[in-house]
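In the numbering used here, the protein residues as written are 1483 to 1621.
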């Protein structure tokens, strides 16, 4: 059974969000909403940006839509402590809270991660096809 995932990267300059249909058995994904970029400084908050991003999904059937996210993870520039964070270089945004986003989006499971920590977690999941060798140096 596919999983619908809200995936994002939030920094002081840009917010990048994508909605994917994940097949965990084959480790493949399809775009429901392709990677969409927003200027962080133009947005009122993370919540407002997610609402804007998901507006078409909401219009297609609200919380019962088959394309509503069931899981989500967003890496962001800033320290994440106890599921809460302030985004670096976006002082007008209120703190981001993963429980509020989870409830706001009606997502079963949602996590906020520091962006560098998120990158680190992904390294072990890379497959040979995902790796590009830059030189022939031994590892």
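We put the CB at the ideal spot given by N, CA and C, even for glycine.
Looking at C-alpha atoms only, which residue of the options is the closest neighbour of residue i?
| i | options | result |
| --- | --- | --- |
| residue 1580 | 1616, 1535, 1588 | 1588 |
| residue 1515 | 1598, 1583, 1490 | 1490 |
| residue 1591 | 1598, 1530, 1583 | 1583 |
| residue 1601 | 1556, 1484, 1568 | 1556 |
| residue 1548 | 1558, 1529, 1502 | 1502 |
| residue 1511 | 1539, 1604, 1484 | 1484 |
| residue 1529 | 1550, 1575, 1517, 1539 | 1575 |
Our contact map puts residue i next to residue j with C-beta atoms below 8 Å; I'd like the distance itself, whole angstroms only.
| i | j | result |
| --- | --- | --- |
| residue 1554 | residue 1488 | 4 Å |
| residue 1497 | residue 1523 | 10 Å between Cβ atoms; not a contact. |
| residue 1513 | residue 1500 | 7 Å |
Distance check for residue j and residue i, CA to CA, integer angstroms please.
| i | j | result |
| --- | --- | --- |
| residue 1564 | residue 1593 | 10 Å |
| residue 1617 | residue 1611 | 16 Å |
| residue 1546 | residue 1486 | For residue 1546, the predicted structure reports a pLDDT of 47, less than 50, and the residue's modelled location is therefore unreliable. The matter cannot be settled from this model. |
| residue 1542 | residue 1552 | For residue 1542, the predicted model reports a pLDDT of 48, less than 50, meaning its position is unreliable; a value from the coordinates is still stated below. Cα to Cα, the separation comes out at about 16 Å. |
| residue 1537 | residue 1519 | 15 Å |
| residue 1595 | residue 1560 | 9 Å |
| residue 1578 | residue 1585 | 13 Å |
| residue 1534 | residue 1615 | 38 Å |
| residue 1608 | residue 1507 | 15 Å |
| residue 1562 | residue 1573 | 16 Å |
| residue 1494 | residue 1606 | 27 Å |
| residue 1598 | residue 1567 | 14 Å |
| residue 1544 | residue 1531 | With a pLDDT of 49 at residue 1544, under the threshold of 50, the predicted position of this residue should be treated as unreliable, though the coordinate-derived value follows. Approximately 17 Å, taken between the alpha carbons. |
Strictly by DSSP, which residues pair up with residue i?
| i | result |
| --- | --- |
| residue 1499 | 1490, 1518 |
| residue 1553 | 1487, 1591 |
| residue 1596 | 1558 |
What does the Cβ neighbour count give for residue i, buried or exposed, with the cut at 16 atoms within 10 Å?
| i | result |
| --- | --- |
| residue 1571 | exposed |
| residue 1509 | exposed |
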